[in-house]
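These protein sequence lines are chains B and A, in that order.
0 is the number of the first residue of the first sequence in numbering that gives the first Met the number 0; add one for each residue after it.
0 is the number of the first residue of the second sequence in numbering that gives the first Met the number 0; add one for each residue after it.
C-beta: ideal position from N, C-alpha, C; glycine also.
Before any comments, here is the structure.
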Amino acid sequence: MNGLIPLQCIVSALALKTAFGCPAVVCSSIHRLALSVCVFALSTLGPALGQIEGLHQRIDGAAQADLPWLSASPTEPAQALRRLSLDLRNTIPTIEEIDAFVAEPIEGRWERWVDRFLADPSYRERMVDWYDKTLLQRRPYQNVDRATWIAYLRSAVDSRTPIDALLQGIVQSAWWNKSARAQQRFFLERGGDAHALARDVGRVFFGKDLQCAQCHDHPQVDDYLQIDYHGLLAYVSASSLAEGKTTDEKGAEQKLQMYIEKAAGDAPFESVFNKGVPFRSATRGPGQIELFEPYMAPDQRYESAVRDGAFGGLPNAPVQSRRSLLAAQLQASNREFSENWANRLWALMFGRGLIHPLDMRHFDNPASNPKLMGILTDSLIESKFDPTLILRQIALSATYQRGRRMPVEAQVDARGVLQVQSPEAIAWRAQLTETLAVAKSAMPGAESSWQEKQSAYDAAADAWREIQKTRINVRVELDAAEAGFNDANKKWNDALAAFDKASAAHQAIAKKISLLDEAAQKLEQAKALGDDLEIQASIVSTRGKIDALKPQVIAAEQAAVAAATARDATLAAKETKRVEWKTVVDRLTPVEQQLQQADTAMILAREGFQASRRFAATLSQRVERLQRVATWFDRSAEAAAAGVQLAQLSTQMPSMQEALLVANNEKAAMEQTSVALQATMAETNKQLEPVTSKGKELLSQQEKLVAAKSQLTDAQGLVADAGPIQAAIAQIDASLTTRQTDLLAVDAIVKQLQANLGEMQKKLGENNLLIANAQSKVQAQQMAFDTHKASIETLKTQADKFAQECAMQKLEVDQHCQAIFAVAPERALSPEQFGWSILTATNILSSYIDNEKAELDKNVALAPDAPASEQQARILQSVRQARDKLQGNIDTFSSLYSSGVGQTNDDFFASPDQALFVANGGSVYGWAAPSGSNLTHRAIQTPDPRTAVELLARGLLSRPASSSELEWIPELIGKNPESKSAVFHELVWGILAGVEFRVYP
Amino acid sequence: MTKRARYACGSMDHALNRRRFLGASGLVGAAGLLGGVASLSSKVAGAIPKNDYRVVVFNMHGGLSQLESWDPKPSTNTGGPFRAIPTSVPGIHISELLPKTAKQMHHLCLLRGVNTAEDDHGKGAYMMLTGRRQTPAAEYPQVGSVAAKMLHDDQTGLPGHIIITPGGGGGRGNEAAYLGPKFNSIHLGGDKPPLNSNKPDAIADDAEARRHLLRRKINEQYLSQRRSAITDAYTHSYEQALKLMERREVFDVSKEPQAAQDKYGSSELGRQCLVARRLLENGVSFIQITHSNYDTHNDNFNFHIEQVGEFDLAYATFIEDLAERGMLEKTLVVVLSEFGRTPNINLYYGRDHWSKAWSVAMAGAKVVQGAAFGQTNKEGTEVVDGQVDHGDIFHTILRGVGVDSSQSLIVDGRELPIADPAAEPIWKVLV
């Protein structure tokens, strides 16, 4: 899209649209679209567009991120349209609009739809809602009814009243009569309380919440001073609520609270932390010097004439109005005012300001993009505070259409860890390091610069305070002189009243005498016409009365003269006091001139201080943001390094395990050998046993044989025949020999076995040594393995920690990117957007509009050839009537989902009572039911469930159905063919109750 | 030369402040996402350890007469017709209109030296419930919101801050100020459960299950792409709602045995006390019960016979029940009004607004039991000993349930003390 389209092109494009009956070109078949979007052409785009036309390009130029890889690419077009519709119309687009948009050629499409939405009656209602929430912050209707207030805002929007003019009108509202009741609402609903209003004048008009600077300089915000607060307070301190009397339409007496203004007088104040040093402040606009108005004598401070249409019982208007002075601040010449409203318009489109929170504008909370803030402020001034022109340009910017995803996320894993080794990431890191270094290098200079400027400011402020002391003293004298004058004035007023009374008494008697004299003369004339005794008697009586009154009249005259003298004397005394008062004023004037000079110097120095401090804060914010990104890289690198190390350690694990196993096996084998040896030894021992016992047996036989032989030998001589004995001896000998041989054999075997055993014992001993070695080897291996395993665990924990920190840093970086609008800020729908979107999605809103239009057409049919303007007016009226009828439903959403009275933003929160309302309140589920030609009905009627799912995704969520939705939903319906209607009803409810519907795309 | 004000208390603030603004542009969410969803929906940063203490406040709407309740002055010009009766604590006498309560005195701690110097209903109520005087340019959270914030565990599935009003119509209150709407009260109308906590009859059980299944399935896809503190809190709120529906019978006194119902009596207040006990048992941190209306400019004595009589039965049963169940150790029960009533009896046998010398009763948790602290003079026209005000009482309630009342919360970069730093707890009545 070429941003340099000259104005004529825009105007002719709009004219073209009107000529074609607008949306009909795209989808003439769809009545609903024609009805709700038909053109309310921006009949005039304003006179001095000049630079405004290219604003969207300058926005994009300024919003270019220093690190392009953090700046999101455009969001999907239909989703962008949903965002645009929510911002400009407070509701989602209809399915017809989505379909028409998608079908249109891309060239110039976005601009056409921006203009189409701006021309929609809903845009006007959106602006009414914005003004309402911004100015009244959800305060209940206590003094002004809703109809009056909304009608006022609607007429302001219809007539394209510039923001500054609207606010000036509110501040200067003609409180003395009923005509400006609606404008008064800003003050009335805040109870007219000066402190409440000082706070909200600061917050709403200037974006500064000075609440904590009432009793001392703000304890936390160095930029908010007590003199700032009292400067604002001075605008409203003379105003308060008073009851005025009037008559209503039926002529009955009506009493109304009015926010009236009296002549101002500034009370002294001091810091609770610096008691005994009083200050006074006349009005001081934010960033301005204190403004001294000419001093007027107390008897000249009010207008003498009663204003037209004035209420009974209220004082006349003061000659000098502090509210007019405030109105004078609500215009381009006050940069704080202009910047605040530029910021608020930006917030309307993004859900957050360039400066955020909106009412915390101060030097330590600078714009996230000061250049952009400057451009936007200049453009708002240039547009003459036309919100539509600015909103249109913001909408046209690529910045507005950015998506939610940082491109860097392509290189981020599911845990939030950046793939730092990728070529892209390496290049990014280099760029980041350089950018960060440059930004950091500027910090010391910025820091010392603001400190220097602060010293200069402190000096200027001290000089100002010195003169302020003198002024305070003279002001005290002035108070005394004023009291003296008031006293004299009162005496004069008393004398005046006394004189009036005396004079009236004198005149009454004189009149009586003159009437009696007249009567006497008449009687004389009557008597001349014929003498009559009775008349004569009357004459005498009358004359007598006159004579009797004469001394009285003299006394009365003398009293009157005396009263006149006294009056003149008090007047002279009063005038003397006036002169005295004036003398003090004349002494005060040069002091105040001096003070103003010092003030001017102080404000100039303060501006310097503020600018340098703001610069330092901006820089510091930027460094913090870059630092966050750097930390993300660092943690990611650490996470990656930990990962690599972990992988390495993990690869060593199998070989270590193997070695451990081998050692264990070796040890086991050796142990096996020992066991075998021991077994063999046991076996050998077992073999040894019979042999040994056989040996023992042989020995015992041998002994027995020897014993027998010895007995036989002894017995030879005792018997006659020694033959048999000798034979027996010989036999024994033979046996002995055999035994001996056997014994030798046995002995040989035993020796052999024992030798074997000894051998084995030796082997066993050797093997045991080996086993001990193997054991220590195994232990060593096990230890190495355990250590390794432990370090893997440690590393894993560490890696997890890094990854967690990465996730955290990613969130932080994302938040920072949202703050500089490099990605679209995450935001929930406002309560009103949520409500209207549900009513749009379920066709309730459009059927109400249809009904209203039909009703209007029935009462007064429009001629087919009625001018376009009349037709547009009819549609606008239908839309407004429909919305008014549905407002009660929206109020329910407001009460459940809003942050409540007095908040600047609707901070998102979720609570079970909200969910209970959506689930069981009846309305949402009821609206989701099939009816008329709504989406639920159409989905049920669609034969192919996949087509039905696509229909619902487009119509309710402004996007194509996902592949998984196209799968599981038709499957579910396939399983429950008999409850198709019910399932679609529940599905529509489920989508409306779902999180995607609740938040911005 | 006068420098920019640097306060004794402020040097730390200052050091914090620049950092806070430089860093705090809405970055609270980050920690939250990783820390679960419990703390996400508030604007207030910083985690606060929870304990299992609870608070019940009886708000005697209109202004209970101290002379017909906690601080009788029989046989004096101001005392009115009623006698004082002995209680379970020797030496402490209360009005004969509270015979059942007298038997529970050993659990109670009377504060008889309350002086709040505010005779306007609205302002007095504001002071007693927020512990501060109302100022136009600031809003403070009520004790219920503070208690819910400091004590309530979301996992109970029940709201932390409940206000029971006779005939009240459900919905949500607006007492949380800067703590955020999450800590606003849920209003219960009488002894009825919260609004919309019942599944509509038109939705069959299987349809109910299916529609929530569909909702979850649809969320699942979205959350797999984009999850944040906001999306977590939102989806969680629906699950909380379902949990609350499951626990709906907690609100239903008919589930109590008949004997218990009989004990509490048939008055609406009695049933509310029984609901309150059930809610306490189920983890609700703060319950306020309103008893109305004590604004007796006319016919003070007859009104008090009736009202205090109803209160006596319900309240005494409630205290006894909590004590028997061992719940009183962890539950602080406070009986307060916006102010007391004049010792002087007016022409209409009424008593008017009186904030100079009146009484508040506490029982349970960390507050001493069986005591009367503070004293008024013979005719009850002035505090002569132990004078306390709304700020002290607010601190004492918090301390009484183990909350450090001197701490501050950081909200949007502002440091806000949870109780008025100019006041402090009544240490003598705290254990």
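Boundaries cannot be given for Gly282/A, as no beta strand (DSSP E) includes it and DSSP labels it neither H nor E. Within the segment 113-183 of chain B, the complete alpha helix (DSSP H) segments at least 4 residues long are 120-135, 145-157 and 162-170, listed from N- to C-terminus. Contact annotation, Val400/A with Ala364/A: C-beta distance approximately 5 Å; criterion of less than 8 Å satisfied.
If only complete runs of 3 or more residues are kept, the segment 223-298 of chain A shows the beta strand (DSSP E) at 285-291, in order along the chain.
In the three-state DSSP reduction, Leu353/B falls in the coil class, being neither helix nor strand.
The segment 823-836 of chain B and the segment 661-676 of chain B do not touch, with fewer than 3 CB-CB distances between them shorter than 8 Å. Secondary-structure assignment with DSSP links His361/B through a beta bridge to Asn364/B. Between Tyr52/A and the set Leu331/A, Glu337/A and Lys191/A, the nearest pair of CA atoms involves Leu331/A. For Cys108/A, there is no enclosing alpha helix (DSSP H); the enclosing beta strand (DSSP E) covers residues Leu107 to Val113.
The continuous alpha helix (DSSP H) containing Asn888/B extends over residues Ala867 to Tyr896.
Taking C-beta separations shorter than 7 Å and ignoring five residues to either side along the sequence, the partners of Arg634/B in its chain run Phe801, Glu804, Cys805 and Gln808, following chain order.
Of all residues in the segment 902-921 of chain B, the ones placed with a Cβ closer than 7 Å to any Cβ belonging to chain A are Asp906, Phe907, Phe908, Ala909, Ser910, Pro911, Asp912, Gln913, Ala914, Leu915, Phe916, Ala918, Asn919, Gly920 and Gly921, in chain order. Here Arg401/B is not near Pro104/B, since their CB atoms are 8 Å or more apart.
Around Ser448/B, the same chain offers Ser611 as residues with beta carbons nearer than 6 Å, after the five sequence neighbours per side are excluded. For Thr234/A, the nearest CB of chain B lies under 8 Å from its own CB, placing it at the interface with that chain. Taking Ser868/B as reference, the option from Asp114/B, Ala118/B and Ala62/B with the minimal CA-CA separation is Ala118/B. Looking at the DSSP output, Gln253/B sits in a beta bridge with Thr245/B. Chain order gives no chain A residues near Gly607/B, where near means a beta carbon separation below 8 Å; the closest approach is about 16 Å. Straight-line measurement puts the Cα of Gln700/B at about 18 Å from the Cα of Thr712/B. By the rule that beta-carbons nearer than 8 Å mark a contact, Leu934/B does not touch chain A. Taking C-alpha positions only, Phe484/B is separated from Ser337/B by approximately 43 Å. Restricted to the segment 656-725 of chain B, not a single beta strand (DSSP E) segment is unbroken, complete and at least 3 residues in length.
Note on Glu52/B: 16 or more other CB atoms within 10 angstroms of its CB, so buried under the neighbour-count rule. Glu451/B is outside the set of residues whose beta carbon lies under 8 Å from a beta carbon in chain A.
Setting aside the 5 residues that flank it on each side, Leu769/B is surrounded in the same chain by Met669, each with a C-beta closer than 6 Å to its C-beta; the list follows chain order.
When Cβ-Cβ separations below 8 Å define contact, Tyr139/A makes no contact with chain B. At a cut-off of 8 Å between beta-carbon atoms, Ile217/A makes contact with chain B.
At the C-beta level, His303/A and Gly349/A stay beyond 8 Å of one another.
Fewer than three Cβ pairs drawn from the segment 214-221 of chain B and the segment 917-924 of chain B lie within less than 8 Å of each other, which leaves the two stretches out of contact. Buried is the label assigned to Trp988/B, since at least 16 other Cβ atoms lie within 10 Å of its Cβ. Separation of Glu337/A and Lys262/A (C-alpha to C-alpha, rounded to the nearest whole angstrom) is 29 Å. Excluding the 5 residues flanking it on each side, Cys214/B has same chain C-beta neighbours closer than 8 Å at Gln225, Ser270 and Val271, in chain order. If you draw a 10 Å sphere on the C-beta of Met348/B, you find 16 or more other C-beta atoms in it, and that means buried. By the Cβ criterion, the segment 783-800 of chain B is not in contact with the segment 677-685 of chain B, since fewer than three pairs of Cβ atoms, one from each stretch, lie closer than 8 Å. For Asp384/A, the enclosing beta strand (DSSP E) stretches over residues Val382 to Asp384. Judged by DSSP in its simplified three-state form, Gln374/A adopts strand.
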